[in-house]
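Here's the structure we're looking at; comments come further down.
Protein chains: 2
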Amino acid sequence: MPPAIEPKDRATSAGSSKAKKAPDGPTPKRNGSAARAPAGRKAQRRHQILSAALAVFSEQGFAAARLDDIAARAGVAKGTLYLYFESKEMLFEELLREAATPMYGRLARIAADPRISGRDAIKRLLDAFRREIVETDARHLVRLLLSEGPRFPALTAFYYREILSRAVPLLRQILERAHERGEIRSRKLLEVPQLVMAPALAALMWEDMFGRFEQLDVETLFNTHADLLTTGEDQ
Amino acid sequence: MPPAIEPKDRATSAGSSKAKKAPDGPTPKRNGSAARAPAGRKAQRRHQILSAALAVFSEQGFAAARLDDIAARAGVAKGTLYLYFESKEMLFEELLREAATPMYGRLARIAADPRISGRDAIKRLLDAFRREIVETDARHLVRLLLSEGPRFPALTAFYYREILSRAVPLLRQILERAHERGEIRSRKLLEVPQLVMAPALAALMWEDMFGRFEQLDVETLFNTHADLLTTGEDQ
DNA sequence: TTTTACTGACTGTCCGGTCAGTCACTATCA
DNA sequence: TGATAGTGACTGACCGGACAGTCAGTAAAA
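Sequence order for the protein chains is U and F.
Each residue of the first sequence is one higher than the last, beginning at 84 in my numbering.
Each residue of the second sequence is one higher than the last, beginning at 84 in my numbering.
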């Protein structure tokens, strides 16, 4: 249960860093919203920066993203970035690493509960994916991982080791249990549990790339898929 | 100094001067163009460059790719690139544009033949996708489109307009025909034809990102999917 | 005062794009 | 036949702008 960067407080990025030269008169304090609270201050700054980084990286890609932009968006000076992250690379990697696990946690919880039917398990998974990723800014993170992954071998390895190599067996476990109860249509599905999540990836890409031309009916897509995988009342 | 990778096909240029592009009959004299290269030369160079560009762009991404590297890989000088393409952007766009159509053609041919059963149509499509894209270098192109798409709006628009907005109806047409024959399991599939190709995308990404850790059984994945979508002998 | 947090002008490097020059070749002339 | 001139293909050193990363300095906190 890692933080999962949330790009919500976009507003703070507005010109906060330039009021430096303009003496505001009686204002004794710095203009930044984070004035003191030494305790949470550092964590908050860090979050600001990661949040801005997500926005800029997902808009520009890793190479084209400029640290000046990230700093401006976070409302800090460029030098400050280096107080929190070693380099552009490290900032990028930490951004993706910290966002990694929420979906995995969800999957693990479903797999741990044997009372959930196969159909339900699949529907819940896809539904969570839709609500929490496809329909939020988190989808940019997935695209970032997919597109920049090859140039960050350590990152790809991390994802495989920490997420996928665990998620696939969990998925298989769910499917096996369901299969024993006769809830699964094809035995072969046990050999390729990845099929369960395939439409999730496809939906994500469609929305991200072509959503502006034609929205995909993600809910119907996922429901149809779940219905096809499992036995039980169709539509 | 440039090692001049290879003198290329100097030999072939001798002798027959077939560089006849103007079929104006037996032109006695030709003002201009004294040292015109052989007919295929230009196309060949272009292909060399595009080929090198694919390799470098898919390894580095658009922004990080260096034209010096592309030139070196193609065995030409950097300046030569500009004789064939206007800019780095144009080179990139043309690379992706030219790669677009083969799969669409395949789909169109299948859709045009009503004798093919729904199950067969889907299997053929997925099979072609596997053999021609997932298992070749072309898979990098899809990742490139995905990752750089947002920064090349014209390219995304091109793909939607020329490929997707035509492919989805074709797919729907195949599914409708199949549905009338009772070959399709769920009517709802007609609302989201994208589901047919979803595993193709997923397989491609898996292989590209994580294939080095764990190969995906793409054939089983596709067959299972096709079996689940259609009626007919499962096994 | 010392310590901590932050700043932003500056530097060195990198790379897209340019263009004056070379080369291989051919057509025409003597 | 050889000599001369013309052409397009190609080259690669160079230029200028952009940007990651640095650090001396400033401001607030302790």
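We treat Cβ as the ideally placed atom computed from N, Cα and C, and that holds for glycine.
Fair warning: this is a prediction, and the values are worked out from it, not measured in the lab.
(message) Using a Cβ-Cβ distance cut-off of 8 Å, determine whether U:Leu299 contacts chain F.
(response) yes
(request) Return the CA-CA distance between F:Ala147 and U:Leu227, expressed in angstroms with no decimal places. (result) 15 Å
(request) Determine the DSSP secondary structure at F:Ile331, reduced to helix, strand or coil. (result) Because chain F is modelled from 84 through 318, residue 331 of chain F falls outside the range shown and cannot be assessed.
(request) Measure from the C-beta of U:Thr314 to each C-beta in chain F and report whether the shortest distance is under 8 Å. (result) no
(message) If you reduce the DSSP assignment to three classes, tell me which class F:Ile199 lands in.
(response) coil
(request) Step through the CB atoms of chain U and report whether any lies within less than 8 Å of the CB of F:His334. (result) Residue 334 of chain F is absent from the model: chain F starts at 84 and stops at 318.
(message) Just verifying my parser: in three-state terms, what is the DSSP assignment at F:Thr303?
(response) helix
(message) Quick check: what's the CA-CA separation for U:Lys112 versus U:Leu166?
(response) Because the pLDDT at U:Lys112 is just 33, under 50, the model does not fix this residue reliably, and the value given afterwards should be weighed accordingly. The alpha-carbon atoms of U:Lys112 and U:Leu166 are separated by roughly 22 Å.
(request) Compare the Cα-Cα distances from U:Arg295 to each of F:Thr303, F:Tyr242, F:Phe293 and F:Arg260 and report the closest residue. (result) F:Tyr242
(request) May I have the straight-line CA-CA distance separating U:Glu142 from U:Arg264, to the nearest angstrom? (result) 46 Å
(request) With F:Pro252 as the anchor, note down where its alpha helix (DSSP H) starts and where it stops. (result) Ser248 to Glu263
(message) Count Cβ pairs between the region 209-227 of chain U and the region 186-193 of chain U that sit closer than 8 Å; are there 3 or more?
(response) yes
(message) Quick check: U:Thr313 and U:Arg202, are their CB atoms within less than 8 Å of each other?
(response) yes
(request) Could you tell me if F:Met280 is buried or exposed, where buried requires 16 or more neighbouring beta carbons within 10 angstroms of its beta carbon? (result) buried
(message) Distance check for U:Arg260 and F:Ala285, CA to CA, integer angstroms please.
(response) 24 Å
(message) Can you pull the chain U neighbours of F:Leu229, defined as C-beta to C-beta under 9 Å?
(response) Arg226, Leu229, Ser230, Met288, Asp291 and Met292
(request) For F:Leu174, collect the residues of the same chain with a Cβ closer than 6 Å to its Cβ; drop the 5 residues on either side in sequence, then sort them by chain order. (result) Ala136 and Phe168
(request) With a 10 Å radius around its C-beta and 16 neighbouring C-beta atoms as the bar for buried, classify U:Arg198 as buried or exposed. (result) exposed
(request) Indicate whether at least one CB of chain U lies closer than 8 Å to the CB of F:Gln143. (result) yes
(message) Is the separation between the beta-carbon of U:Leu253 and that of U:Leu190 shorter than 8 Å?
(response) yes
(request) For F:Ala236, count neighbouring Cβ atoms within 10 angstroms of its own Cβ and tell me buried if that reaches 16, exposed if not. (result) According to the sequence provided, residue 236 of chain F is Pro. The question's Ala does not apply to it. The residue in question, F:Pro236, is exposed, as its Cβ has fewer than 16 Cβ neighbours within 10 Å.
(message) At the level of alpha carbons, what is the spacing between U:Phe212 and U:Val301?
(response) 10 Å
(request) Using only alpha-carbon positions, find the residue among F:Leu238, F:Ala194, F:Gln131 and F:Lys161 that is nearest to F:Glu172. (result) F:Leu238
(message) Our contact map puts F:Pro282 next to F:Arg255 with C-beta atoms below 8 Å; I'd like the distance itself, whole angstroms only.
(response) Between F:Arg255 and F:Pro282 the Cβ distance is about 18 Å, and since that is not below 8 Å, they are no contact.
(message) Tell me the DSSP secondary structure of U:Thr163 in three-state form.
(response) helix
(request) Taking C-beta pairs closer than 9 Å, name the residues in chain U that F:Glu274 reaches, listed in chain order. (result) Asp300, Thr303, Leu304 and Thr307
(request) With DSSP collapsed to three states, give me the class of U:Thr219. (result) coil
(message) Would F:Arg180 pass as an interface residue toward chain U - the criterion being a Cβ-Cβ separation below 8 Å?
(response) no
(request) List the residues of chain F whose Cβ lies closer than 9 Å to the Cβ of U:Phe296, in chain order. (result) Thr239, Ala240, Tyr243, Arg244, Leu247 and Ser248
(request) Identify the continuous alpha helix (DSSP H) that holds U:Tyr242 and give its terminal residues. (result) Pro236 to Tyr242
(request) Check whether the Cβ of U:Leu174 lies closer than 8 Å to any Cβ atom in chain F. (result) no
(message) With the cut-off set at 8 Å, would you say U:Leu287 and U:Ile216 are in Cβ contact?
(response) yes
(request) Quick one: list the residues of chain F neighbouring U:Ser269, beta-carbon separation under 7 Å, in chain order. (result) Thr307, Asp310, Leu311 and Asp317
(message) Could you tell me the alpha carbon to alpha carbon distance between F:Val159 and F:Glu231, rounded to whole angstroms?
(response) 26 Å
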